Amino acid sequence: MEGEGVVGAPGFRFYPTEEELITFYLKHKIQGTTRLLQHIDRVIPRLHVYDFYPWDLPQYAGERCKGDLEQWFFFIPRQEKEARGGRPSRLTSSGYWKATGSPSIVYSWNNRAIGIKRTMVFYNGRAPSGTKTKWKMNEYKAFQEVPSLNSNPRPELMEELSLCRVYVKSNCLRAFDRRPSGVALNEHVPPFQFN
Numbered sequence: 001m002e003g004e005g006v007v008g009a010p011g012f013r014f015y016p017t018e019e020e021l022i023t024f025y026l027k028h029k030i031q032g033t034t035r036l037l038q039h040i041d042r043v044i045p046r047l048h049v050y051d052f053y054p055w056d057l058p059q060y061a062g063e064r065c066k067g068d069l070e071q072w073f074f075f076i077p078r079q080e081k082e083a084r085g086g087r088p089s090r091l092t093s094s095g096y097w098k099a100t101g102s103p104s105i106v107y108s109w110n111n112r113a114i115g116i117k118r119t120m121v122f123y124n125g126r127a128p129s130g131t132k133t134k135w136k137m138n139e140y141k142a143f144q145e146v147p148s149l150n151s152n153p154r155p156e157l158m159e160e161l162s163l164c165r166v167y168v169k170s171n172c173l174r175a176f177d178r179r180p181s182g183v184a185l186n187e188h189v190p191p192f193q194f195n
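Number 195 marks the last residue of the sequence shown (full-length UniProt numbering); no jumps.
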């Protein structure tokens with residue numbers, strides 16, 4: 001396949017912005033954009049991440065993240081409990097993911113609300129006496145398309161799937177921590193198109 005050699009090339013990294021994660025990967029996956037699904041699935045696999053220890057997740061990462069030592073991406077299907085209006089279970093056999101703070105709104109390059117982000121930390125043991133680890137997760141959910149600026153200011157969430165970025169907390173800035181956003185650059189780069 002053309003371009004396959006680039007993936008393993010020195011310096012190649014998969015570092016999408018939050019906007020790219022939500023508007024390209026998550027929305028196309030939820031909407032089932034057929035011509036893109038096989039490519040998206042190779043990059044970000046669907047996995048019940050709460051069934052695994054966080055340190056085991058890198059082995060299930062998509063081909064663009066294989067060998068990455070900093071971050072891994074997964075689509076998480078909505079749990080039955082969550083579908084009935086309850087809170088999702090974030091327990092593993094030896095620990096749990098705990099949300100830190102309130103979810104924050106993610107904005108596009110043109111300052112439109114496109115989704116929410118929730119940050120979680122993994123704890124070994126059982127709540128409330130678990131031991132905090134360096135494993136973290138950002139969970140992203142997309143908003144439904146808002147047709148105009150005059151519509152409901154709080155759009156509905158697309159709940160079928162969420163997209164998560166799992167990583168190990170570091171004391172230094174990594175590429176995804178310091179990458180400038182499109183708003184800061186005051187420019188918009190069109191999304192990548194698979195051929």
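Every residue gets a Cβ at the ideal spot worked out from N, C-alpha and C, and that includes glycine.
Remember, predicted model here, so these are calculated numbers, not experimental data.
Q.
If the criterion is Cβ atoms closer than 8 angstroms, does the pair proline 77 and valine 166 meet it?
A. no
Q | Outcome for glycine 5 when other beta-carbon atoms lying within 10 angstroms are tallied against a minimum of 16 | A | Because glycine 5 carries a pLDDT of 45, less than 50, the predicted location of this residue cannot be relied on, and no value is offered for it.
Q: Rank Thr17, Glu63 and His48 by C-alpha distance to the C-alpha of glutamine 38 and give the top, closest one.
A: Of Thr17, Glu63 and His48, the smallest CA-CA separation from glutamine 38 is found for Glu63.
Q) Thinking C-alpha only, which one of Gln144, Phe143 and Val168 is nearest methionine 120? A) Val168
Q. Taking isoleucine 30 as the reference, which of Asn138, Pro58, Asn111 and Phe75 has the closest Cα?
A. Phe75
Q.
What does the Cβ neighbour count give for proline 16, buried or exposed, with the cut at 16 atoms within 10 Å?
A. Classified as buried, proline 16 has 16 or more neighbouring CB atoms from the shown chains inside 10 Å of its CB.
(Q) Is the separation between the beta-carbon of lysine 134 and that of isoleucine 116 shorter than 8 angstroms? (A) no
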